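Undergrad: Residue numbers (the UniProt record's numbering): 1 to 292. Glycine is no exception: its CB is placed at the ideal position from the N, C-alpha and C atoms. Please read all numbers here as calculations on a predicted model, not as lab measurements. Take this structure first; my questions come after.
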Ligand SMILES: Nc1ncnc2c1ncn2[C@@H]1O[C@H](COP(=O)(O)OP(=O)(O)OP(=O)(O)O)[C@@H](O)[C@H]1O
Ligand SMILES: [Mg+2]
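See below:
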């Protein structure tokens with residue numbers, strides 16, 4: 001996961017609390033132009049044409065194997081396109097990785113659990129070569145800010161092996177954001193977290209977006225937790241990625257199609273929207289309901 005660290009090291013002095021994406025133009029953050037990707041000779045998805053605005057929070061949804069992780073990897077230039085173009089932060093995919101923070105789906109297995117929390121976060125600035133060069137004061141400062149932001153500063157001297165899954169996940173996010181990225185990509189960051197940890201993570205992401213103006217892309221299977229901050233979603237359906245701004249996305253029929261199971265969208269009196277699995281109603285029950 002340290003593919004972008006070498007580039008990042010050059011901007012190591014950048015502080016988390018600094019400008020971040022604020023002040024950027026309103027150019028789209030991510031642009032797909034008739035993009036397609038193949039893996040092992042098989043097309044994963046094709047005809048992806050959409051743009052995702054800067055400072056947005058976008059979910060990537062789709063059933064297992066539809067190519068969500070592959071999509072993040074094409075944006076990082078790690079998986080080549082078989083057709084079309086992808087631009088990220090105004091550059092060709094892979095050219096702006098120094099301004100992207102990435103939390104991979106399998107972050108835990110990729111972490112060396114014998115190092116400390118602080119050392120792990122520092123890797124987000126120095127790449128894999130930590131220990132060889134001195135840590136500057138500004139680098140330490142950036143690390144502390146990132147750890148404070150994700151709520152793990154008080155555990156900075158603990159080894160990763162001593163942390164719970166949810167705490168490690170905060171380390172992974174701190175490592176991704178310590179380089180003050182303009183774009184933060186997270187691949188299923190809420191999986192395996194208890195409800196409280198999910199809420200805490202969503203809160204961190206929400207603050208990164210609203211306070212620092214970070215553009216966020218997040219792969220998720222359950223949108224409920226994310227709904228309050230989501231501005232749009234890319235849904236992988238029938239082998240094609242589609243982007244829709246919120247509102248459009250929460251169409252029960254579309255979601256049902258997307259998840260391969262019946263779901264319904266519920267709006268509470270407070271105006272919050274929820275997506276719930278919904279036992280398939282028999283046709284006559286539906287008829288009864290609609291005539292009631
Ligand atoms: N390293 C790889 N080499 C070859 N094919 C791969 C590789 N990784 C994934 N694929 C294939 O690409 C397709 C999309 O995989 P991807 O991991 O992007 O799906 P996903 O939507 O992230 O799934 P999940 O919800 O299970 O994480 C799958 O058919 C998979 O078999
Ligand atoms: Mg995946």
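Counting only runs of 4+ residues fully inside the stretch 14-83, write out the alpha helix (DSSP H) ranges in chain order.
TA: The qualifying runs are 68-75.
Undergrad: Taking only three categories from DSSP, how would you classify residue 94?
TA: Coil.
Undergrad: Given 8 Å as the limit, is there contact between the stretch 40-60 and the stretch 199-218, that is, 3 or more CB pairs closer than that?
TA: Touching, yes.
Undergrad: Looking only at its own chain, which residues have a Cβ that is under 7 Å from the Cβ of residue 243, when we skip the five neighbours before and after it?
TA: So the list reads 50, 52, 232, 234, once near-sequence residues are dropped.
Undergrad: Whose CB is closer than 7 Å to a heavy atom of ligand 2? List the residues in chain order.
TA: Result (chain order): 68, 69, 105, 187, 188, 219.
Undergrad: Is the CB-CB distance between residue 161 and residue 147 below 8 Å?
TA: No, the pair does not count as a contact, with Cβ atoms beyond the cut-off.
Undergrad: Would you say residue 239 and residue 194 are within 8 Å of each other, going by their C-beta atoms?
TA: No; because the gap between Cβ atoms is not below 8 Å, this pair is not in contact.
Undergrad: Count Cβ pairs between the stretch 116-124 and the stretch 69-78 that sit closer than 8 Å; are there 3 or more?
TA: Contact fails: fewer than three Cβ-Cβ distances are below 8 Å.
Undergrad: In the DSSP output, which residue or residues are listed as bridge partners for residue 187?
TA: In the DSSP output, where bridge partners are listed per residue, residue 187 has 219.
Undergrad: What separation, rounded to the nearest whole angstrom, lies between the Cα atoms of residue 203 and residue 178?
TA: Each residue's Cα considered, the two are about 17 Å apart.
Undergrad: Would you say residue 43 touches ligand 4, meaning its beta carbon is less than 7 Å from a heavy atom?
TA: This structure lacks ligand 4; its bound ligands are ligand 1 and ligand 2.
Undergrad: Would you call residue 164 buried or exposed, if buried means 16 or more other Cβ atoms sit within 10 Å of its Cβ?
TA: The residue is exposed, with fewer than 16 neighbouring Cβ atoms inside 10 Å.
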